[in-house]
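In order, the protein sequences belong to chains A and B. First residue of the first sequence: 1219, per our numbering; consecutive thereafter. First residue of the second sequence: 87, per our numbering; consecutive thereafter. Okay, so here's the structure we're looking at.
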Amino acid sequence: MVSHMPAIVVIGGGVIGTSVAHYLACKGAKVTLLEKGDLASGSSGACDGLIFIQSKKPGVHLQLALASLELYEELYKELPGHIEFKKSGGMVIFETDAEFEAMCGYIQDQQATGIDVSLLNTNQALKKEPYLSKHIKGATFFPLDAQVNPIALTLGFALSAKQNGARIITRTIVKGIKIQNNRVSSVQTDQGDFNTDVIINAAGANASEIAAMVGINIPITPRRGQIVVTQAVKPILKHCLISAKYIAAKYHPALAKEKGEGISMEQTQNGNLLLGSTREFAGFNKQNTPEGITRIIEQTTRIIPELKKLHVIRTFAGLRPYTPDSLPILGQVDHPKGFVMAAGHEGDGIALAPITGKLIAQMILTGKTDIPLDAFAVDRFQLQKETT
Amino acid sequence: MTSWDLKVLKSKYHIIIIGCGFAGLAAADILTRYNLDVLIIDENPHLGGQLLRKISTLKQTKKKFELDPIKKIGFELARSIAGQNIDILYTTQVLGLFPDHRILMVDHSEKIVECQGDFIICATGAREKYLPFKGWTIPGVMSTGAAQILMKSSGVLPAKTTLVGGTGPLQLALAAAILQNKGRVSAVLDQQNFKDKFGILHLWQHNLPKIIEGAIYLSRLFLQGTPIRQRTGIAEAIGKNQLEKVVTAQLDDQNGFIQGTERIYNTHALAVGYGFTPNIELPIQAGCDIKFDKKKGGWIVCVNEDTMETSLSAFFAVGEITGIAGAKKSYIEGRIAAWSILNQMELVNGSKNKANLRLLYYQRQHQIEYGAFLNAMCNVSDSAYQSIDDDTIICRCEEITMGDIRKTITDGFLTVNSIKKTTRCGMGLCQGRICGPVLFDILSGITHGHPGQIGEPSVRSPIKTVPLGAFLRANNKTEMK
Ligand SMILES: Cc1cc2nc3c(=O)[nH]c(=O)nc-3n(C[C@H](O)[C@H](O)[C@H](O)COP(=O)(O)OP(=O)(O)OC[C@H]3O[C@@H](n4cnc5c(N)ncnc54)[C@H](O)[C@@H]3O)c2cc1C
Ligand SMILES: Cc1cc2nc3c(=O)[nH]c(=O)nc-3n(C[C@H](O)[C@H](O)[C@H](O)COP(=O)(O)OP(=O)(O)OC[C@H]3O[C@@H](n4cnc5c(N)ncnc54)[C@H](O)[C@@H]3O)c2cc1C
Chain A
1219 MVSHMPAIVV
1229 IGGGVIGTSV
1239 AHYLACKGAK
1249 VTLLEKGDLA
1259 SGSSGACDGL
1269 IFIQSKKPGV
1279 HLQLALASLE
1289 LYEELYKELP
1299 GHIEFKKSGG
1309 MVIFETDAEF
1319 EAMCGYIQDQ
1329 QATGIDVSLL
1339 NTNQALKKEP
1349 YLSKHIKGAT
1359 FFPLDAQVNP
1369 IALTLGFALS
1379 AKQNGARIIT
1389 RTIVKGIKIQ
1399 NNRVSSVQTD
1409 QGDFNTDVII
1419 NAAGANASEI
1429 AAMVGINIPI
1439 TPRRGQIVVT
1449 QAVKPILKHC
1459 LISAKYIAAK
1469 YHPALAKEKG
1479 EGISMEQTQN
1489 GNLLLGSTRE
1499 FAGFNKQNTP
1509 EGITRIIEQT
1519 TRIIPELKKL
1529 HVIRTFAGLR
1539 PYTPDSLPIL
1549 GQVDHPKGFV
1559 MAAGHEGDGI
1569 ALAPITGKLI
1579 AQMILTGKTD
1589 IPLDAFAVDR
1599 FQLQKETT
Chain B
87 MTSWDLKVLK
97 SKYHIIIIGC
107 GFAGLAAADI
117 LTRYNLDVLI
127 IDENPHLGGQ
137 LLRKISTLKQ
147 TKKKFELDPI
157 KKIGFELARS
167 IAGQNIDILY
177 TTQVLGLFPD
187 HRILMVDHSE
197 KIVECQGDFI
207 ICATGAREKY
217 LPFKGWTIPG
227 VMSTGAAQIL
237 MKSSGVLPAK
247 TTLVGGTGPL
257 QLALAAAILQ
267 NKGRVSAVLD
277 QQNFKDKFGI
287 LHLWQHNLPK
297 IIEGAIYLSR
307 LFLQGTPIRQ
317 RTGIAEAIGK
327 NQLEKVVTAQ
337 LDDQNGFIQG
347 TERIYNTHAL
357 AVGYGFTPNI
367 ELPIQAGCDI
377 KFDKKKGGWI
387 VCVNEDTMET
397 SLSAFFAVGE
407 ITGIAGAKKS
417 YIEGRIAAWS
427 ILNQMELVNG
437 SKNKANLRLL
447 YYQRQHQIEY
457 GAFLNAMCNV
467 SDSAYQSIDD
477 DTIICRCEEI
487 TMGDIRKTIT
497 DGFLTVNSIK
507 KTTRCGMGLC
517 QGRICGPVLF
527 DILSGITHGH
537 PGQIGEPSVR
547 SPIKTVPLGA
557 FLRANNKTEM
567 K
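Structure below.
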């Protein structure tokens, strides 16, 4: 525990870094956030805004997501700007009987943890979402799944942090970290050095680079996601939708290979539909590919044929910070002291941003956290290596 | 005109020319002599781009005395190339360019097709820039280019009486053309004044023919008694569903309107132009290096000056997209690219080719100097952007006003991208095609920031909107052999 207020540097102005800065600044901590480009110029500005609860693996993952959802209930009133938080409810769409069977076990697990996911047949699903294609075999429904505008959220966190005394510095690239007596002592950037007691690594897909600056090897790699944006139209979708293949792609990559990546669909407050997304390992390449775009369009128009008439106005791609077990890396490392990880949320960073910020702030300022961070420790990967 | 469709398409070509204005024509003229598989794609229904615009008027134009000999060359080229045994896709838009030189395109029936070229020549030209004022989105307010297109392609006057404003030489040409077509011009307003033009006097020496052309336009206007008002800007366009009147006023040194100098014009058409911005969406999307050069008209594609090859190998950029300088530079660059490609394919004698290229290189430098003159003539000063009224709409699609943008800048957002994210300026249906360059100019006018910091434009495929259904392979296969 630290007795005086430590000087804290957050590296990364994505949803995670700004959330951490918000929760720290609100408690009166001395925070400086460093971002190499603009705020939300990484994955947080190139993603969907789903706060999908029913897609999370039962266990710690689900526990984090539920705690995060609770925080959203306050955040959308507290944060400056309009973060477009909406409890729209979510549906997972099945297109084949095989998918239905594969998902049954998953649903049972969820129900066992008290998550009230209901199963809908084709007619029931169509009643909820009239534009669904009649060929679908059914869907699950969970009323608490929600959505948010991820860019507005990131900017809202940043502005709130600023209003509470944090310094938000963009266009500043972190180049190195100085260590003294086994403690971090300063962050070196292209705009000069920043002395600090604590460094939080929230550099998203670049988090491995930052960790390497203090000699730590972490398995965060970029996993590209491409998205298609349609013109704004009157409400077509009431809920957020994902296909059953999405869950398969996330947790059983082998299964996804033969079945495709699975898709997600949401309509923003502005009326645009966000149709996502691919899951590819292509290094730091953020380009869109004709194959990726076509795959998304083929799958989404099959589920909602009405989409065929809408115009694509934009495509983009973001780099999810992927970890091998799909869980983020959170918390203090053993060496050097003062180096804290807050990265690796892969496809869940928006959903998990509030709770991540809160827990990291608690850990730094009080040494205790509402939810234990053990399951998210960086050494889980090293331990795994040793036992196998 | 032959009606083409995507069925004629081969899956692979030696050379694909995207955009066939002057630059594309010049390249095609040389390349078609070597028995190569050449594909030309243009979104217009004719060859020749901005300068020729309409092929069906070719015959009339032939009889007419053509002031600018380059137009005559253009018409001849267009005719000769349209008759060659090569594939030409009219009314077809290129939407994206990907590694391996794969091209994604869509025709008028909204089918998306892919094909590939060993070499790509991108010659997509330029479009007009805007300086927003109150009411600039009312129907009846149009760009000088749009007014020209109306007359050239459809033979229609913008209105019985047209008010012409903005900066640059196109205003005079337009006003003269309107008069020639028996229309009326209430006045020609020039944002700049003679003083500004004296400031660029040193650039005039290279541009005698253009100045003579300008003088001819001017004398035509004089003869018809059209007032030409220097240092006069447009304060407001007024009208509900159609332009009814325009308020103009003289400008002070800071480009603010001088009280008491207002004039009201009752007119249904206002044509304005403030220079050009290169159509570099495709090269950006493909990943070519770009740079900002004010003398060349803003953001342009970087090229090897000897070959016109971009930072991507076998991908060439020619014409206005490497710097605004008019048809002659486009013509020269198209030829340079063609000879360079033939050289890479080892189809031409090396030393002879070198001599060709050297000559073209010097001709090109000369035209670049003319370009600097042209762009200076069109220049809108920083203070003009600073004095845009808060109520003025900047982004038409999302209805974002100057006031919204000013506030965001005051909040500390100083880049195009961050302002886009906070205000949604440029996130609407047109994806910032019009307001993107405007937002850049506003930011640079207000903050005086470095262009690289204010932000390089970013573009993704598809570079223009298309229905989702167009991407469905199942649909397209049945149509394609
Ligand atoms: C297509 C797609 C769809 C998605 N959909 C969803 C969804 O629906 N719901 C959901 O919860 N999640 C979703 N995600 C995941 C979500 O986007 C990420 O988990 C989240 O944005 C990660 O946030 P971050 O702050 O860790 O990373 P980022 O937003 O990438 O932020 C990291 C920041 O660090 C900066 N940085 C990097 N290196 C340095 C350096 N050396 N110096 C200074 N700054 C540096 C970067 O510029 C960047 O801004 C999706 C992702 C993608 C790609
Ligand atoms: C509105 C306007 C009016 C002009 N009027 C005059 C004038 O009156 N006199 C004068 O001297 N100069 C005029 N110019 C300048 C003119 O641009 C140059 O003189 C010269 O014609 C430029 O040749 P280019 O080949 O570089 O470009 P352009 O002539 O502009 O040709 C570009 C071609 O590319 C095509 N294209 C663009 N994008 C795509 C795509 N994605 N897919 C397929 N095809 C595409 C276009 O249809 C066009 O045919 C005008 C320019 C503009 C923008």
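Quick reminder that beta carbons are idealized off the backbone N, C-alpha and C, glycines included.
Taking its Cβ as the centre, do 16 or more other Cβ atoms sit within 10 Å of Ile386 of chain B, making it buried, or is it exposed? buried
Anything in chain B within Cβ reach of Ala1423 of chain A, meaning under 7 Å, just list it in chain order. Residues of chain B passing the Cβ test: none, with the nearest at roughly 18 Å.
Give the residues of chain B in contact with Ala1258 of chain A, contact being defined as C-beta atoms less than 7 Å apart. Lys507
Please identify, using Cβ separations under 7 Å, the residues of the stretch 486-504 of chain B that lie next to chain A, in order along the chain. Thr501, Asn503 and Ser504
Cβ of Asp115 of chain B within 7 Å of any heavy atom in ligand 2? no
When the cut-off is 8 Å and only beta carbons count, does Ser547 of chain B lie next to chain A? yes
If Ala113 of chain B sits next to Val404 of chain B, beta carbons under 8 Å apart, how far is it from one beta carbon to the other, in whole angstroms? 6 Å
Check whether the Cβ atoms of Gly110 of chain B and Ala209 of chain B lie closer than 8 Å to each other. yes
Can you check the stretch 1434-1520 of chain A for any alpha helix (DSSP H) of at least 4 residues that lies completely inside it and give the ranges in chain order? 1462-1469 and 1471-1477
Might you give, ordered along the chain, the residues of its own chain that have their beta carbon closer than 6 Å to the beta carbon of Ala400 of chain B, omitting 5 neighbours on each side? Phe205
Would you please verify whether the beta carbon of Asn1506 of chain A is less than 8 Å from any beta carbon of chain B? yes
First through last residue of the alpha helix (DSSP H) which encompasses Phe526 of chain B: Cys521 to Thr533
Just tell me which of A:Ala1561, A:Thr1587, A:Ile1229 and A:Leu1492 has its CA closest to the CA of Ala1187 of chain A. Limits of chain A in this structure are 1219 at one end and 1606 at the other, which puts residue 1187 of chain A out of reach.
Write down the C-beta distance between Gln41 of chain B and Ser473 of chain B rounded to the nearest angstrom, noting that I regard them as a contact closer than 8 Å. A question about residue 41 of chain B goes unanswered here, because the residues of chain B that appear run from 87 up to 567.
Where Gln1365 of chain A sits in the DSSP three-state scheme: strand
Tell whether a beta-carbon distance below 8 Å holds between Val524 of chain B and Leu181 of chain B. no
Determine the direct distance from the alpha carbon of Thr1533 of chain A to that of Thr1587 of chain A, and round the result to whole angstroms. 39 Å
Note down, in chain order, each residue of its chain lying with its Cβ closer than 6 Å to the Cβ of Cys1244 of chain A, except the 5 sequence neighbours on either side. Asn1382
Less than 8 Å between CB atoms is the rule here; does Val1530 of chain A satisfy it with respect to chain B? yes
In the structure shown, what three-state DSSP assignment does Gly1232 of chain A receive? coil
How about Thr1236 of chain A: is its C-beta nearer than 8 Å to some C-beta of chain B? no
Beta-carbon separation of Gly1235 of chain A and Ala1384 of chain A under 8 Å? no
Please report the straight-line C-alpha distance between Ala321 of chain B and Val1238 of chain A, rounded to a whole angstrom. 48 Å
Leu256 of chain B: beta carbon under 7 Å from a heavy atom of ligand 2? yes
Mind checking the stretch 1518-1529 of chain A against chain B and listing, in chain order, the residues whose C-beta falls within less than 7 Å of any C-beta there? Thr1519, Leu1525, Lys1526, Lys1527, Leu1528 and His1529
Identify each residue in the stretch 1378-1391 of chain A for which the Cβ-Cβ distance to at least one residue of chain B is less than 9 Å, and report them in chain order. Lys1380, Ile1386, Thr1388 and Arg1389
Would you call the CB atoms of Ser1286 of chain A and Ile1573 of chain A closer than 8 Å? yes
Decide if Ser530 of chain B is buried, meaning its Cβ has at least 16 other Cβ atoms within 10 Å, or exposed. buried
Going by the C-beta, is Asp128 of chain B closer than 7 Å to any heavy atom of ligand 2? yes
If the cut-off is 7 Å on Cβ atoms, which residues from the stretch 377-395 of chain B count as contacting chain A, listed in chain order? none
Interface positions of the stretch 1355-1378 of chain A facing chain B (Cβ-Cβ less than 9 Å), listed along the chain: Ile1369, Ala1370, Thr1372, Leu1373 and Leu1377
What residues in its chain sit with their C-beta under 8 Å from that of Phe557 of chain B, if we drop five residues either side in the sequence? Ile198
Under 8 Å between C-beta atoms, does Gly1443 of chain A make it to chain B? no
Ile1395 of chain A Cβ short of 7 Å to ligand 1 heavy atom set: no
Evaluate the contact criterion for the stretch 1562-1570 of chain A versus the stretch 1511-1529 of chain A: three or more CB pairs, one atom per stretch, below 8 Å. no
When every heavy atom of ligand 2 is checked, does at least one fall within less than 7 Å of the C-beta of Ile224 of chain B? no
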